[in-house]
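Only one structure is covered here, and it is reproduced in the block below.
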Amino acid sequence: MTRWRIAAVAGVFMLAGCARLPVEPLSVSSDSFSRWLAHSEQLLALSTWTLSGRMAVRTGERGGTATVLWQRMGDHHQLMLFGPFGGGRVRIVENTAGAELRDNKERVFRGDTAEAVLMEGVGWHVPFRELGFWVRGLPAPGVLDDLILDERGRAAHFSQSGWEVDYRAYREVDDLMLPAKVFIAARPGTVRVTAADGTDLGDQLSVRISIRAWDDEPEWAQPSR
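Counted the way our numbering counts, the sequence shown spans residues 455 to 679.
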């Protein structure tokens, strides 16, 4: 696959008005870069969606999987994990007021962000804020160390916030190309993973997301009690 490399320093998305990604292209095909800009504007406009699939988290020799249903309507996120890492159902809700995690034992964890309650309730450090952009095939707002485009102007790889993000497959959804397989891995020193018994598991952490389906006009799922 042909790829192009782009370097960006303090590249920030403008989420209102004419969305654009300010970057400095290096030896980049102007046609591919133009496709990327047009594609990224379409992805930024996608603010209501549901994805379903599987998530696998691994640190060192330990890991686990969960079925995932993630819904977003503007600033309101609902993430449901079924059988997460050997446990039962976990439901996470995040909005402008904060975040709440409720597990199958009816334990409730509250915090400022979904990332915080996921860490407290499940024990895994997943960059939830950035992941909301990454699962759509977009870098999050902020510094972008590196971006590699494929020949169709889609993100194939980038580095951001101490994570390496790779796209292994895309699928077409209503004339929009959305990721089908996303792999993220923490760079050394980005995270520190600790087991429930206090064992230090080091700083190796990877997350693989296989997305089976996208829906850009979802009905809000109500969890069963």
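Backbone N, C-alpha and C define an ideal beta-carbon position, used for all residues, glycine too.
Residue environment, residue i, which counts as buried when at least 16 other CB atoms sit within 10 Å
i: Gly542; result: exposed
i: Val547; result: buried
i: Val562; result: exposed
i: Ile663; result: buried
i: Ala499; result: exposed
i: Ser486; result: buried
i: Gly607; result: buried
i: Ser494; result: buried
i: Ala609; result: buried
i: Gly591; result: buried
i: Leu480; result: Bear in mind that the predicted position of Leu480 carries a pLDDT of just 39, short of 50, making it too unreliable to give a figure here.
i: Leu659; result: buried
i: Met455; result: Summary for Met455: the model assigns pLDDT 49, below 50, so the residue's position carries little reliability; its value from the coordinates is reported in the next sentence. Burial call: exposed.
i: Gly514; result: exposed
i: Leu475; result: Confidence in Leu475 is poor, its pLDDT being 42 and thus under 50, which makes the residue's placement too unreliable to answer from.
i: Glu569; result: buried
When the options are compared against residue i, the one with the closest alpha-carbon
i: Ala594; options: Gly575, Ser615, Gly565; result: Ser615
i: Val661; options: Asp620, Arg556, Arg606, Arg561; result: Asp620
i: His530; options: Val544, Arg508, Glu554, Arg516; result: Glu554
i: Arg583; options: Val571, Gly577, Gly575, Val576; result: Val571
i: Ala492; options: Met631, Thr519, Trp524, Gly517; result: Met631
i: Gly528; options: Ser501, Trp490, Gly518; result: Ser501
i: Gly507; options: Arg489, Phe612, Leu533; result: Leu533
i: Asp566; options: Gly552, Glu560, Met573, Arg516; result: Gly552
i: Trp578; options: Leu535, Gly596, Arg489; result: Leu535
i: Trp490; options: Lys559, Leu601, Ser613; result: Leu601
Whole-angstrom C-beta distance between residue j and residue i, which should lie under 8 Å
i: Thr398; j: Gly537; result: Residue 398 cannot be examined here, being either before or after the span of the chain that is shown, 455 to 679.
i: Gly643; j: Asp657; result: 6 Å
i: Val636; j: Val589; result: 6 Å
i: Arg526; j: Gly586; result: 7 Å
i: Asp669; j: Trp503; result: 7 Å
i: Ala623; j: Ala639; result: The pair is not a contact, with the Cβ atoms about 17 Å apart (cut-off 8 Å).
i: Val544; j: Val576; result: 6 Å
i: Arg641; j: Glu618; result: 7 Å
i: Leu505; j: Trp524; result: 5 Å
Endpoints, beta strand (DSSP E) assigned at residue i
i: Arg556; result: 552-557
i: Ser664; result: 660-669
i: Glu626; result: 617-627
i: Ala594; result: Run containing Ala594: none; DSSP gives neither H nor E here.
i: Pro633; result: 630-640
i: His579; result: It is not in any beta strand (DSSP E) - His579 carries neither H nor E in the DSSP assignment.
Check: residue i C-beta below 7 Å from any heavy atom of the ligand GTP
i: Arg561; result: This structure lacks the ligand GTP; in fact it carries no ligand of any kind.
Residue i - containing alpha helix (DSSP H), residue span
i: Ala588; result: Note on residue identity: the sequence assigns Trp, not Ala, to residue 588. Start and end: 582-588.
Ranges of the beta strand (DSSP E) found wholly within the stretch 497-571, counting only runs of at least 3: For the stretch 497-571, whole beta strand (DSSP E) runs of length 3 or above, ordered along the chain, are 502-513, 516-527, 530-536, 544-549, 552-557, 562-565.
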